[in-house]
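First the structure, in the form of structure tokens, and then the observations on it.
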Ligand code: ADP
Ligand code: MG
């Protein structure tokens, strides 16, 4: 592409909230036929809420769990912390376990909160909550568990909404001949429900934070890949992708690793960027 046409193309894009941080990304995006998306915060709002819960041990138990989650930055943790009203007990030794959960001491007991895999890894028997877990999964809600001294004491159904423009934006990409992939640390059932709703071709779920980079590498064996993400955990995948696209509402680390930033956080920006890239390169040829 000539320098002038790239300036025109990136200028047009900027007017619609699509910022090209690197000029050659416009050309690289034109050759991309696989777009992979992070799920939470990218295709979904990333503002989950608790829609159901089962707690053993009443308000004391709920307050201990909420106290731990109040220390965590994870959006799921904020939703769970909001379940308790009034003052929370003191917490010590808080530790966040990336992609799994959190753990701390509350009132002389060890409280762990997180995924089923996290509980399994700690030897917690989830037997009392397996029925609720199955029910939540059929509602495409993520079951999040809590344990007190390694005894399961709660399960929460955590639900996040798909962004209003996601369905149309992904359909527009498909109409441009793009293959769609989605990656998530969430449960398979939840990720597949979101993927099916949006017409995603390939869904990879239950990934640990480091796994997204490897999935991008696997997809790249079929051709150039664009990856769209918002989180700290997405930075390695954004850097590895042929074109990294970050949500403007995302973390600074993701934005710095990206070639393109979507100012509004709207998924439609991805299709718009691809259209502008194609139009710019066609003008030149
Ligand atoms: P995603 O890829 O969906 O953004 P993460 O990799 O951040 O998810 O986390 C994966 C899973 O780990 C979550 O779905 C949740 O079950 C669990 N998890 C992580 N941190 C916490 C926390 N602080 N409290 C509860 N659950 C957590
Ligand atoms: Mg995310």
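Numbering (my numbering), first residue to last: 716 to 1000. Each residue gets a CB set at the ideal place from its N, CA and C atoms; glycine is no exception.
Where the alpha helix (DSSP H) containing residue i begins and where it ends
i           : result
residue 927 : 926-935
residue 810 : Counting along the chain, residue 810 falls outside any alpha helix (DSSP H), though it belongs to the beta strand (DSSP E) covering 806-812.
residue 768 : No alpha helix (DSSP H) holds residue 768; the beta strand (DSSP E) holding it covers 764-770.
residue 744 : 739-745
residue 967 : 967-972
residue 783 : 773-784
residue 888 : 881-890
Three-state secondary structure assigned by DSSP to residue i
i           : result
residue 866 : strand
residue 917 : strand
residue 978 : coil
residue 841 : coil
residue 717 : coil
residue 964 : coil
residue 952 : helix
residue 923 : coil
residue 758 : helix
residue 734 : strand
residue 802 : coil
residue 788 : coil
residue 989 : helix
residue 672 : Here the chain has residues from 716 to 1000 only, and residue 672 is not among them.
Continuous beta strand (DSSP E) stretch holding residue i: start and end
i           : result
residue 894 : 894-898
Sub-8 Å separation of residue i and residue j beta-carbons
i           : j           : result
residue 878 : residue 783 : no
residue 916 : residue 941 : no
residue 809 : residue 786 : yes
residue 754 : residue 962 : no
residue 814 : residue 741 : no
residue 828 : residue 838 : no
residue 887 : residue 986 : yes
residue 960 : residue 869 : no
residue 928 : residue 952 : yes
residue 781 : residue 758 : no
Residue(s) in a DSSP beta bridge with residue i
i           : result
residue 829 : 816, 860
residue 910 : Looking at the DSSP assignment, residue 910 forms no beta bridge with any residue, so it has no partner.
residue 959 : 942
residue 873 : 765, 857
residue 753 : 898
residue 824 : 821
* To do: Count the C-beta pairs between the stretch 982-995 and the stretch 718-728 that are closer than 8 Å, then say yes if the count reaches three, no if not.
  => The stretch 982-995 is in contact with the stretch 718-728.
* Given 8 Å, three or more beta-carbon pairs between the stretch 963-977 and the stretch 869-888 -> Contact between the stretch 963-977 and the stretch 869-888 is absent, because fewer than three Cβ pairs lie under 8 Å.
* Between the stretch 931-940 and the stretch 730-750, are three or more C-beta pairs nearer than 8 Å? -> Note that the stretch 931-940 touches the stretch 730-750; at least 3 beta-carbon pairs, one per stretch, sit closer than 8 Å.
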